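Below: one structure, written as structure tokens.
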Amino acid sequence: MNYAKLPRLSLIAASLTLLSGFTLAADTVTVAYQTGIDPTKIPQADGTYEKATGSQINWRKFESGSEVIAAVASGDVVIGNLGSSPLAAAASRGLPIVTFLVADEIGDAEALVVRNGSKISKPQDLIGKKVAVPYVSTTHYSLLASLKHWKVDPTKVNVLNLRPSEITAAWQRGDIDAAYVWDPALGKIKASGKVLTSSAQVSKWGAPTYDIWIVRKDFAAAHPEFVNKFAKVSLDAIAGYVANPKAFIANKDNIDKISRLTGAAAPDVIAGLQGNRFLTQQEQIALLQKPFVQAVANTAAFLKSQGKVDSLQPDYTPYVSNQFVKAAK
């Protein structure tokens, strides 16, 4: 089967240059989100972002970070939720975006699962097998980092570029042997497979990944108060979870809202919440400086070594800012 290649981000960068003269209004704002499980889905479901910003928000659901980047680059979306790996790829190609919030540090909520009957019991058994992953995603980065840690030549593994929904379908047909993905696809494939590793372990091997929020620089410059308030609502939701995770999870209404937005079953929502690390405002202020800049640079360098990006930025500082988290009061 032939799978379509993702659009070249260099072309997307050119489109952003053409769009740079446009004025982006804040009365109706289009925001891209994904199916990652985190506490910010609660204010999204409740309309809290709209109340706080005084704006109408058009929430658009995407399956991968590369799709979010394409939408942000085209001007269709001004704020987007994606992983640190697609961020590193986009920043390496000079897209005028900035990271302003961290949704979570990814742990067991993303995992490499091998299908029952695939005859994969150890990492070396992946050689010659079909392993599906959304390209340029955090799971793609984690898969490559895992193969490097295991000293498995990635060119000897048949890595397929599939979106999460395509992974689920391919898994059910028996077309793939393994997949590295997140919920709701993760929960579905776990039912007939076993976890070989997760992003929590990959992080311990020196390759951490994050879910983050980015904003177009032109929109942030024109409407900083909107971004400040968006960050405040998000941080409040995260703080509510961090203060008492057990009470948050015990609230069926919380689980139901996240389930509706993500498509994940209730048990998988709970596992996803417990499988990630959520950062407080002060932790984010500290992270969104040199530590995160270095993490993005390291991710970009690794992607280049794997042939996934053509060149690197001399400095990734312009693509990271804690000013909006600081102003979220």
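According to mature numbering (1 follows the signal peptide of the UniProt record, and there is no 0), the stretch in the sequence shown is residues -25 to -1, 1 to 304, in order.
For each residue, glycine too, the CB sits at the ideal point set by N, CA and C.
These numbers were taken from a predicted model, which means no experiment stands behind them.
Straight-line CA distance for residue i to residue j?
i: V300; j: T74; result: 10 Å
i: T184; j: D51; result: 26 Å
i: residue 386; j: S234; result: Outside the shown range of the chain, which is -25 to 304, sits residue 386, and nothing can be said about it.
i: Q249; j: E80; result: 12 Å
i: V6; j: S209; result: 13 Å
i: L101; j: I95; result: 6 Å
i: L278; j: A270; result: 12 Å
i: A(-12); j: A(-1); result: Unreliable positioning characterises A(-12) in this predicted model, as indicated by a pLDDT of 39, which lies under 50. The coordinate reading is nonetheless provided below. One C-alpha to the other measures close to 22 Å.
i: L171; j: T143; result: 17 Å
i: I164; j: G149; result: 11 Å
i: P289; j: Q281; result: 19 Å
i: A153; j: V127; result: 15 Å
i: K265; j: Q9; result: 26 Å
Are residue i and residue j close, meaning C-beta to C-beta below 8 Å?
i: A107; j: L137; result: yes
i: S167; j: R252; result: no
i: R191; j: V43; result: no
i: V177; j: S140; result: no
i: N203; j: A78; result: no
i: L236; j: A20; result: yes
i: I72; j: A65; result: yes
i: V53; j: S30; result: no
i: A133; j: K97; result: The identity of residue 133 in the sequence shown is Asn, whereas the question assumes Ala. No.
i: I187; j: L119; result: no
Excluding sequence positions up to five away, which residues of its chain have a Cβ less than 7 Å from the Cβ of residue i?
i: G215; result: P14, F223
i: Q298; result: none
How close, in whole Å, do the beta carbons of residue i and residue j come, if the pair is a contact with beta carbons under 8 Å?
i: V284; j: S67; result: 5 Å
i: V88; j: K169; result: 7 Å
i: F201; j: T28; result: 5 Å
i: residue 308; j: I245; result: Here the chain comprises residues numbered -25 to 304, so residue 308 is not present and cannot be evaluated.
For residue i, I'd like the list of residues in its chain whose CB is within less than 6 Å of its CB, leaving aside the five on either flank, ordered along the chain.
i: residue 311; result: With the chain running from -25 to 304 in the structure shown, residue 311 is simply not present.
i: W180; result: H124
i: V156; result: T114, P139, I142
Spatial neighbours of residue i within its chain, please: C-beta separation below 8 Å, excluding the five flanking residues on both sides.
i: G(-5); result: Confidence in G(-5) is poor, its pLDDT being 40 and thus under 50, which makes the residue's placement unreliable; the coordinate value appears in the next sentence. Once the five neighbours on either side are set aside, G(-5) has no close Cβ partner at all.
i: K304; result: K207
Entirely enclosed alpha helix (DSSP H) segments - the region 166 to 254, minimum 4 residues: 174 to 179, 192 to 197, 199 to 218, 220 to 225, 227 to 237, 241 to 250
Contiguous alpha helix (DSSP H) assignments of at least 4 residues, all confined to the region 70 to 144: 113 to 125
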